[in-house]
Structures are given as structure tokens and as C-alpha cells.
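Using this note's numbering, the first residue of the sequence shown is number 170, and each one after it goes up by one. Heads up, the beta-carbon is just placed ideally off N, CA and C, and yes, glycines get one too. Below is one structure, written out as C-alpha cells; the observations come after it.
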Amino acid sequence: MELQQAIANRRSVKKFKRDMHIDDALLYQAIEKAADAPNHGMREPWRVVHVPKDRLGEMSKDISKFAFPNELDKQQSHYDAVTNLGGMLLLILKTDPRQRQNDENYFAFGAYTQNLMLLLYEAGIGTCWKSPLYIYDPKVRKTLGIKKDEVLAGFLYLTDLEDHMPKAPRKNRNLITLY
Numbered sequence: 170m171e172l173q174q175a176i177a178n179r180r181s182v183k184k185f186k187r188d189m190h191i192d193d194a195l196l197y198q199a200i201e202k203a204a205d206a207p208n209h210g211m212r213e214p215w216r217v218v219h220v221p222k223d224r225l226g227e228m229s230k231d232i233s234k235f236a237f238p239n240e241l242d243k244q245q246s247h248y249d250a251v252t253n254l255g256g257m258l259l260l261i262l263k264t265d266p267r268q269r270q271n272d273e274n275y276f277a278f279g280a281y282t283q284n285l286m287l288l289l290y291e292a293g294i295g296t297c298w299k300s301p302l303y304i305y306d307p308k309v310r311k312t313l314g315i316k317k318d319e320v321l322a323g324f325l326y327l328t329d330l331e332d333h334m335p336k337a338p339r340k341n342r343n344l345i346t347l348y
């Protein structure tokens, strides 16, 4: 697949109503290859935690009690949605107390994550990046093993690809301004 085609056609897969399966070997290849992303000072400020399909239910139960306390219906809804996925990645960014290096870490992390999503698309694995509010909850962070100098940027839901993924019109055209 050509890079331009992958950029133009990759979409977030947001339907999790059916039981999905992915090839973990292809997933691991993409995770490794995405690390070729440009990053300042070769800091590689990312960490990825894979939650395979057979552990999604356990993870959902572990975090939803903190994410949705006293809301059993939301806990069940979360469980029902994520257990249909083919897997999930926790996208974790290492922070730096130095402003410049921290900014560079965010840029490198973004490049890594975009590489990863494009490589997964090429491998036939769909993705959807989710950053729910509860990822900032200290109990959720602790449960997921997020360190003090790390940010849980979100979850990358792993899906199969839909037969037809509609392309949303882009608003940001003509972004170039001359100096």
C-alpha cells in the first residue's frame, strides 16, 4: 500500500457491536516498526501496553469500578463494548520536567502513534483512539501501572476493518500562509 493511500483512507473504526479478532503477530510487528518515528535525541518517549482480547474483560472490570463508581449500567456497557474489540493498546507518554524536551516528547509521541495507526491499517487492523476523562483518575492510573512521570494519552482500540468506512470532509484546506 502506498503511503499517500494509507493517509487518505485510514479511518477510526467506531463500531464495536460484533466480536472482532486481530492477528497479534501483525500487531507486534507494527508496534516495533512504528518506533522508526522521528524523535528528538532518540529519547523514544513512549511505552505501549497490550491488552489482548482474552484480558479485555478483566481490564474493564478493574478500571470501570473507578471510572464509573456506583453506575453499574455504565460498567456493564463498558465491559460489553471493549470485550468485542480485538484488543487494546494503552498509549503512554514519558514526560520531562524541562519544557523544551517535554514538547519534543509530545511531538515524537504523536509521530509514533500516527506511524502505528498507519502501519496497523496497512496490516488490516482498524484503530480508534479513545481518551476518556477517567484516564486522569489516580485510581485508574495506578490500576494500569502508569508511573508518576508518565501520561496515559489514551487507549487505542484494535478492531477489524469495516467493509466501507466513509470519509468525512476535511475542513482544514489551504493552511499555507506566506510570510
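Excluding the 5 residues flanking it on each side, Val-217 has same chain C-beta neighbours closer than 6 Å at Ile-200 and Leu-258, in chain order. No Cβ-Cβ contact shorter than 8 Å links Thr-252 with Cys-297. In the structure shown, Phe-237 falls within a coil segment according to DSSP collapsed to helix, strand and coil. Of the residues assessed, Lys-222 falls on the buried side of the cut-off, its CB having 16 or more other CB atoms within 10 angstroms. DSSP places Glu-273 in the helix class (H, G or I) of the three-state scheme. Taking a cut-off of 8 Å on C-beta distances, the segment 258 to 272 touches the segment 319 to 327, as three or more cross pairs fall below it. Separation of the CB atoms of Gly-255 and Ile-191 is rounded to 3 Å, and the pair is thereby assigned contact status at 8 Å. Here the segment 207 to 215 makes contact with the segment 276 to 290; the two share three or more CB pairs at distances below 8 Å. In chain order, Lys-243 and Gln-244 place their CB closer than 6 Å to the CB of Phe-237, counting only its own chain and leaving out the 5 sequence neighbours on each side. Here Leu-260 is not near Leu-195, since their CB atoms are 8 Å or more apart. Fully contained in the segment 200 to 224 is no alpha helix (DSSP H) run of length 4 or more. Distance from the CA of Met-286 to the CA of Tyr-348, rounded to the nearest whole angstrom, comes to 33 Å.
The straight-line gap separating the alpha-carbon atoms of Ser-233 and Asn-271 is approximately 30 Å.
Closest in C-alpha terms to Gly-226, from the list His-219, Ala-204, Asn-343 and Asp-249, comes Asp-249. In this structure, Ala-204 and Tyr-305 do not form a Cβ contact; the two beta carbons are roughly 26 Å apart against a cut-off of 8 Å.
For Gly-323, same chain residues with a beta-carbon under 6 Å away, outside a window of 5 residues either side, are Leu-260, Trp-298, Lys-299 and Ser-300 in chain order.
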